[in-house]
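Here the structure comes first, spelled out in C-alpha cells, and everything after it is commentary.
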C-alpha cells in the first residue's frame with residue numbers, strides 16, 4: 475500500500491512538473507515565473523483630440539507605456555504624426571467596428587458599398603458591439619480590418635499589436651476566427667487573456683501554442699464610484715498575480731470636446747477618462763508599482779515571441 | 475438741336491427706367507429697392523463640437539441667423555439633432571470636397587471607390603480647394619454632393635440653401651455647372667453674388683432669370699489684424715450698400731479642440747473664430763445693425779422666390 479502510494483505520488487509529481495515545465499509567457503519573455511509584469515495600455519487613440527492630448531501627456535510622464543489607435547476616427551492623422559515621430563512607442567491598432575457616441579460618429583475605412591453589413595441606417599458603424607457583431611458578414615469584417623491595418627501602415631504607423639474596440643471581434647467564433655487569421659498573417663500579437671477562457675468557451679480551441687497571449691486583463695468598471703477610483707486601481711495592483719497583466723485604461727481630459735462626445739453617457743465618459751488620466755500620471759501609481767515589484771513591459775516584447 | 479437733345483433724354487430716361495424696372499432681389503422679396511438686407515451666416519457647422527457649440531449659442535443670442543452644415547464631418551449628428559429640434563432655423567448645406575486641417579480629417583459620404591477623383595492618397599478629401607477642383611471628375615462630384623444632400627435629409631435636416639466649403643464648386647465651369655444642376659433639381663438657392671461676376675467670368679452666362687442670387691458677400695480676411703476685428707466689421711456695416719448682402723463668418727471657441735484642429739494655421743483658426751464669436755454676439759453688433767437700418771433676412775426667404 476505504501477509502495478502504491480509512493481508510486482502514485484511520484485507519478486503526480488512527474489505530471490505536475492511536466493505541466494509546470496511548460497513555459498509561461500513571462501518565462502518565454504525571459505522573466506522568472508513569479509514576475510509581476512504589467513502593460514499599462516490606453517485605448518481609443520485617434521478618437522478625439524482630447525484623447526490624443528491626454529494620452530501623449532501620459533506617455534511623456536512615463537507610466538502609461540502602450541496604447542492602441544482607432545484608424546477610422548477623425549483624429550487619426552494627429553496620432554499618426556506622433557507615431558512617426560516616436561517610432562519606439564508601443565502603439566497597436568484598436569480595430570474598430572462600432573461608432574458608439576451619438577453626437578459624434580465615424581464609419582469604415584473601406585468603400586461603403588463593400589462593407590454594407592457593418593453600417594447602420596445612417597452610413598456609420600453600428601452604435602453597439604452587439605448590433606455590429608450580429609449584423610457583420612465575416613468576409614466584410616476581414617476586408618475592413620485589413621483596410622484599417624493598411625491605412626495605419628500607409629500613414630507610417632508600425633503597429634506592435636492588435637485589439638478590438640468594444641470587444642466586437644470577440645463576440646462570436648466567426649469574428650474571432652477572422653481576427654486571428656488577420657493577426658497571424660500580420661505576425662502581430664492580439665489582446666487575448668487566459669482569464670477569458672472560462673467565459674468565452676470558443677477561445678481555447680482556437681488558439682495554437684504559437685499564439686502569444688497574456689494571463690489577464692484588468693480594467694475598471696461602472697460599479698466603481700468616482701471617489702474610489704484610486705483605491706480600486708491601488709488594491710488591484712497590490713493584489714496583482716504573477717504573470718502578464720494588461721491594465722486597460724481610457725485617457726482624456728474632461729473638457730468641452732470630450733463632454734460633447736460622451737454627453738449623457740457617464741460610463742467611459744469625459745470625467746471617467748480624466749480620473750484615469752489623474753491616477754495613471756500620479757506619484758501614487760508610481761509608488762504602488764515600485765512597492766509591489768511590478769515591472770512594466772510592452773506588446774513589442776510580446777510580439778518578438780511570434781515566429 | 476434742343477429737340478434732338480430732349481428726344482435723347484427721353485430715350486435715356488426710358489432705358490434707365492426699363493432697366494430699373496427689372497426688380498432687384500430685395501424688391502422680389504417685398505422690400506424697397508434701397509433696403510439694406512443682411513444674412514449673418516456661420517459656415518462650417520458639423521465640423522467640430524466647438525463650432526457647433528459656439529454657433530448654436532450665437533443663434534440663441536439672435537444676431538447670427540443662418541448657417542450651413544458640413545455633412546461629411548464627424549459632428550454632423552450633433553447639429554442634425556439641433557436642426558430637428560429647431561425646424562425654423564435657417565440651415566443650409568456647406569457642400570464639402572476638401573479636408574483642410576492636417577491633424578483632423580474627413581472623407582466622402584459616398585462609397586470611396588465611386589469617388590476616387592475626390593480623394594487624396596490617404597483616402598480623405600484633398601487638403602486644398604485647388605487640388606480638389608483640379609482632380610475632380612464632375613460626375614463624381616455630382617454623386618457626392620447629391621449623397622451629402624440625401625444624408626442630410628435622412629437625418630431630418632431640411633436645407634434652406636446650398637453653398638460650397640472653401641469655394642471648390644466655383645473653381646471652374648464644369649464644377650459650377652454640376653452645382654447649379656443639383657441646386658435647381660433640389661429647388662434650393664445657392665450662394666452666388668453679383669459682386670463675383672467681375673472676377674468669375676463664367677458665372678453670369680450660367681445663371682438664368684429664375685435663379686435667385688444676392689448682391690454681395692462680405693467676409694473678413696487675413697489682412698485684418700486681430701485688434702481691428704470689430705472695426706473691420708463695424709466699418710463694413712456702416713458702409714453697407716442697399717440690396718442683399720451675406721456676411722459670411724466662422725464661429726467657434728478658442729479651446730483645446732479647435733486649437734488642435736487648426737494648429738499651425740492661424741487663418742480661420744481657433745482664435746479667429748473666437749473673435750468672430752465675440753463680435754457677432756456683442757451689443758456693438760446689435761447697435762451697428764440698428765443705427766444703420768440694416769434688416770436681417772434669411773435664405774429661407776430667398777428660397778421662396780424659386781419657382
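Protein chains in written order, with the numbering used here: chain G, 475 to 781; chain R, 475 to 781. Even glycine gets a Cβ: it sits at the ideal position worked out from N, Cα and C. Small disclaimer: the values here were computed from a predicted structure and weren't measured.
Asked, Found
"Suppose you measure from the CA of residue 538(R) to the CA of residue 752(R); what does that come to, to the nearest Å?", "12 Å"
"Our contact map puts residue 593(G) next to residue 572(G) with C-beta atoms below 8 Å; I'd like the distance itself, whole angstroms only.", "About 11 Å; that fails the 8 Å criterion."
"What residue range is occupied by the uninterrupted alpha helix (DSSP H) comprising residue 558(G)?", "550-559"
"For residue 507(G), does the count of other Cβ atoms within 10 angstroms reach 16, so buried, or fall short, so exposed?", "exposed"
"Going by beta carbon distance, what residues of the same chain come within less than 8 Å of residue 501(G), once the five residues before and after it are set aside?", "507"
"Return no unless some Cβ of chain G is closer than 8 Å to the Cβ of residue 579(R).", "yes"
"Buried or exposed: which applies to residue 699(G), given that a residue is buried once 16 or more other Cβ atoms fall within 10 Å of its Cβ?", "exposed"
"Taking C-beta pairs closer than 8 Å, name the residues in chain G that residue 812(R) reaches, listed in chain order.", "Since the first residue of chain R shown is 475 and the last is 781, residue 812(R) is not available in this structure."
"Whose CA, out of 635(G), 630(G), 652(G), 622(G), lies closest to the CA of residue 456(G)?", "Only positions 475 to 781 of chain G appear in this structure, which leaves residue 456(G) out of reach."
"Roughly how many whole angstroms lie between the Cα atoms of residue 661(R) and residue 555(R)?", "24 Å"
"Report back the beta-carbon spacing between residue 676(G) and residue 723(G) to the nearest angstrom; my notes put them in contact at under 8 Å.", "Going by Cβ atoms, the distance from residue 676(G) to residue 723(G) rounds to 27 Å, so no, they are not a contact pair."
"Does residue 690(R) come out as helix, strand or coil in the three-state DSSP assignment?", "strand"
"Quick one: does residue 552(G) have its CB under 8 Å from some CB of chain R?", "yes"
"Are the Cβ atoms of residue 567(G) and residue 541(G) separated by less than 8 Å?", "no"
"Indicate the three-state DSSP secondary structure (helix, strand or coil) for residue 786(R) in the structure shown.", "Nothing about residue 786(R) can be read from this structure; chain R reaches only from 475 to 781."
"Who does residue 720(R) pair with in a DSSP beta bridge?", "513(R), 691(R)"
"Secondary structure at residue 567(R), three-state DSSP: helix, strand or coil?", "strand"
"To the nearest angstrom, how far is it from the Cα of residue 605(R) to the Cα of residue 590(R)?", "13 Å"
"Using 8 Å as the cut-off, can you tell me whether the region 725-735 of chain R makes contact with the region 511-525 of chain R, which would need three or more C-beta pairs spanning the two stretches below that distance?", "yes"
"Would you check if there are 3 or more beta carbon pairs closer than 8 Å linking the region 701-716 of chain G to the region 543-561 of chain G?", "no"
"Under three-state DSSP, which class holds residue 540(R)?", "strand"
"So what's residue 535(R) in DSSP terms, helix, strand or just coil?", "helix"
"Between which two residues does the alpha helix (DSSP H) harbouring residue 608(R) extend?", "603-609"
"Distance, Cα to Cα, residue 763(R) vs residue 529(R)?", "19 Å"
"DSSP three-state label for residue 639(G), please.", "helix"
"Using the Cα positions of residue 599(R) and residue 668(G), report the straight-line distance between them to the nearest angstrom.", "43 Å"
"In the DSSP assignment, find the unbroken alpha helix (DSSP H) run with residue 613(G) in it and report its ends.", "612-628"
"Thinking C-beta only, is residue 743(R) closer than 8 Å to residue 577(R)?", "no"
"Whole angstroms are fine: how far does the CA of residue 747(G) sit from the CA of residue 771(R)?", "44 Å"
"With 16 other CB atoms within 10 Å as the buried threshold, where does residue 750(R) fall?", "buried"
"To which residues does DSSP link residue 770(R) through a beta bridge?", "512(R)"
"Measuring only the C-alpha atoms, how far is residue 457(G) from residue 756(G)?", "There is no way to answer for residue 457(G), as the model of chain G reaches only from 475 to 781."
"Counting along the chain, where does the alpha helix (DSSP H) carrying residue 680(R) start and finish?", "677-680"
"Tell whether a beta-carbon distance below 8 Å holds between residue 777(G) and residue 635(G).", "yes"
"Using a Cβ-Cβ cut-off of less than 8 Å, list which residues of the region 615-632 of chain G approach chain R; keep chain order.", "625, 628, 629"
"Would residue 779(G) be called buried (16 or more neighbouring beta carbons within 10 Å of its own) or exposed?", "exposed"
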